[in-house]
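Under the working numbering, think of the first position of the sequence shown as 990, with each following residue one higher. For glycine and all other residues, C-beta sits at the position ideal for the given N, C-alpha and C. As the structure is a prediction and not an experimental result, all values here were calculated from the model.
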Amino acid sequence: MKGQDVPWAAGRVFAYVYDAGPEAMDLVTRAYSKYLVENGLDPTSFPSCLALEKQVIGMAIDLQEGGPDARGSFTSGGTESILLSLKTARDRARDLYPHITQPNIVIADTGHPAFLKACAYFDLKPVRVGVDEHFRAVPAAMEAAIDDQTILMVGSAPSYAHGVVDPIEELGEIAARHEILFHVDCCVGGMYLPFAKELGADIPAFNLSVPGVTQLSMDFHKWGYAAKGASSILYKHGDMRKYQIFAWSGWVGYSVINPTISSTKSGGPIAGCWAILNHLGRDGYLELVEKCQTASGKIIAAVNEMPALRVLGNPKINLFSITSDTIDVFALAEDMKAKGWYIQPQFGFANSPANLHLSVGASNAPHVDDFIRDLGACEAALRQRAAAGTSTLPPDIATALNGGSGGDLIAMLSQTAGIDPDKLPDRMDDINKLLNVLPADVRDQLMVEFVNRLYVNQ
Ligand SMILES: Cc1ncc(COP(=O)(O)O)c(C=O)c1O
990 MKGQDVPWAA GRVFAYVYDA GPEAMDLVTR AYSKYLVENG LDPTSFPSCL
1040 ALEKQVIGMA IDLQEGGPDA RGSFTSGGTE SILLSLKTAR DRARDLYPHI
1090 TQPNIVIADT GHPAFLKACA YFDLKPVRVG VDEHFRAVPA AMEAAIDDQT
1140 ILMVGSAPSY AHGVVDPIEE LGEIAARHEI LFHVDCCVGG MYLPFAKELG
1190 ADIPAFNLSV PGVTQLSMDF HKWGYAAKGA SSILYKHGDM RKYQIFAWSG
1240 WVGYSVINPT ISSTKSGGPI AGCWAILNHL GRDGYLELVE KCQTASGKII
1290 AAVNEMPALR VLGNPKINLF SITSDTIDVF ALAEDMKAKG WYIQPQFGFA
1340 NSPANLHLSV GASNAPHVDD FIRDLGACEA ALRQRAAAGT STLPPDIATA
1390 LNGGSGGDLI AMLSQTAGID PDKLPDRMDD INKLLNVLPA DVRDQLMVEF
1440 VNRLYVNQ
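Structure (structure tokens):
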């Protein structure tokens, strides 16, 4: 079955996977499989799971300079860490600030959708704020969005799309002055930025030591190279974590006391995570980050030399995105796919045009010259194609698609654009071009309908 998957093991995939090589992979596999059966649900029955978590969270707090008061929890991923952070913020506000009846959070357009998901789950209102031309949050605009119902502000370190670190110090000062919580989303940066900074990259202060920062999410299953299912939510003031914990003994069964969302919890992810952190250590991560920084610098320089392409913002690390004013970037992604590479399409939104995202990992580093060669060839070929860069979607269809429910839209799509809604398409560029011109809420409806049809029982 894996034959149809993206070829990550060949180092040709620039998203979704984090591969530190066969030795690291083997170690994680062995540690993980020792804990297939243990249940992290009950730390009194499985004190070894507790011990592993205490050590892993201790290392995370140390790396993020949390200080002696800091506490945290091991979670299944960045999204769970963010969900818990916002649930904690909401329940704390309910407890301490009775005048807050419609709590909101202030978040830049570049903030990860996990925060919007948390708002949807926990009935919080997101207040979205535009970013500057370098895709950085604008402190004055963020401050202007705060009102008497605001419970928390979000900063990204970095944002996923463009790899940009927000001005965390300025935002922290604002959060402290307004006495609101401040979550730094370090999900993708937590195991990368500290080492990139140590290597001399120009990265502003971003961690728990920054005044005003109250909580921070960081993932191990990204640049920590742990098996998937490994992240953390950290609080500078450990007391706050009590709002995160759910307890229920008022029934006929065992007492449920869950610090995180899952109840029954495999010991695998925490064991794999503990093993890789100890195995690689600071020196190992430094070495990996150095490889990624060098490879990224090479790609960024080469892309900026290609006539039709440019890198968005001013990236300092291994996450960045490329766009074009003249060629169709979605077609570029597909042409690269035909050559065995995966780069990730991102739709235009607010001041960010349609683009392709790259997360450059250590396993990509040895293949960078080949990648640059193929990217250059595809870019040149697309420049020759006269029609490139224009949307194939006639404006009247775009207007028609603006009405209607997800089901209607899908039906209209299959009739007008010849797209079969019930199977994965061979090439995605026509679909992406079409989705790119639709308002985000309309494309969300379409994608819900599409995914709802995709998962059929066999
Ligand atoms: C900045 C940021 N926040 C949150 C997330 C969500 O993490 P996950 O996919 O582990 O739930 C990601 C994922 O890439 C991310 O880059």
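- Taking C-alpha positions only, Gly1161 is separated from Leu1113 by approximately 21 Å.
- Between the stretch 1043 to 1061 and the stretch 1078 to 1093 there are fewer than three inter-stretch CB-CB distances shorter than 8 Å, so the stretches are not counted as touching.
- By DSSP's assignment, Met1207 forms a beta bridge with Cys1175, Ser1221.
- Cβ neighbours of Phe1111 within its own chain (closer than 8 Å, five residues either side excluded): Leu1072, Leu1075, Lys1076, Arg1079.
- Judged by DSSP in its simplified three-state form, Met1180 adopts coil rather than helix or strand.
- Every unbroken stretch of the beta strand (DSSP E) spanning 3 or more residues and falling wholly within the stretch 1022 to 1073 is given here in chain order: 1060 to 1064.
- Ala1339: not part of any alpha helix (DSSP H); DSSP gives it neither H nor E.
- Sequence-distant partners of Leu1016 (beyond 5 residues in either direction) whose C-beta falls short of 7 Å from its own C-beta, in its chain, are Ala1264, Ile1265, His1268.
- Ala1129 and Pro1156 have their C-alpha atoms spaced approximately 11 Å apart.
- For the options Arg1416, Gly1302, Gly1261, the alpha carbon positioned closest to that of Glu1323 is the one of Arg1416.
- Taking non-hydrogen atoms of ligand 1 into account, the C-beta of Ser1220 is found less than 7 Å away from one of them.
- DSSP places Lys1114 in the strand class (E or B) of the three-state scheme.
- Within the chosen limit of 7 Å, ligand 1 reaches the beta carbon of Thr1068 through at least one heavy atom.
- Between Gly1100 and Asn1340, the C-beta gap is not smaller than 8 Å, which leaves the two residues out of contact.
- In terms of Cβ geometry, Phe1336 and Asn1425 form a close pair [threshold 8 Å].
- The shortest CA-to-CA distance from Ala1260 to any of Ala998, Cys1038, Val1006, Lys991 is the one to Cys1038.
- For Met1142, the secondary structure class from DSSP, reduced to helix, strand or coil, is strand.
- With contacts defined by Cβ atoms closer than 8 Å, Phe1309 and Ile1289 form a contacting pair.
- Going by DSSP, Trp1212 is part of no alpha helix (DSSP H) at all; its letter is neither H nor E.
- By the C-beta density criterion, His1210 is buried, having at least 16 other C-beta atoms within 10 angstroms.
- Distances taken from the Cβ of Asp1174 to the heavy atoms of ligand 1 include one shorter than 7 Å.
- When DSSP states are grouped into helix, strand and coil, Val1002 belongs to the strand group.
- With a beta-carbon spacing of about 4 Å, Gly1201 and Ala1165 fall inside the 8 Å limit used to define contacts.
- Taking every protein chain shown into account, the CB of Val1445 has fewer than 16 other CB atoms within 10 angstroms, so this residue is exposed.
- In this structure, Val1349 lies away from Cys1262, with their beta-carbon atoms at least 8 Å apart.
- Between Pro1342 and Ser1285, the alpha-carbon positions lie close to 21 Å from each other.
- With 16 or more other Cβ atoms inside 10 Å of its own Cβ, Leu1345 counts as buried.
- In the displayed model, Thr1018 falls within a helix according to three-state DSSP.
- Taking 8 Å as the cut-off, the beta carbon of Glu1132 is found no closer than this to the beta carbon of Val1199.
- For Trp1237, the three-state secondary structure derived from DSSP is strand.
- Spatial neighbours of Pro1248 in its own chain (CB-CB distance under 7 Å, excluding positions within 5 residues in sequence) are listed in chain order as Ser1062, Gln1233, Ile1234.
- Setting aside the 5 residues that flank it on each side, Phe1171 is surrounded in the same chain by Met1142, Gly1161, Ala1164, Gly1201, Val1202, Thr1203, each with a C-beta closer than 6 Å to its C-beta; the list follows chain order.
- In this structure, the beta-carbon distance from Ser1022 to Cys1176 does not fall below 8 Å.
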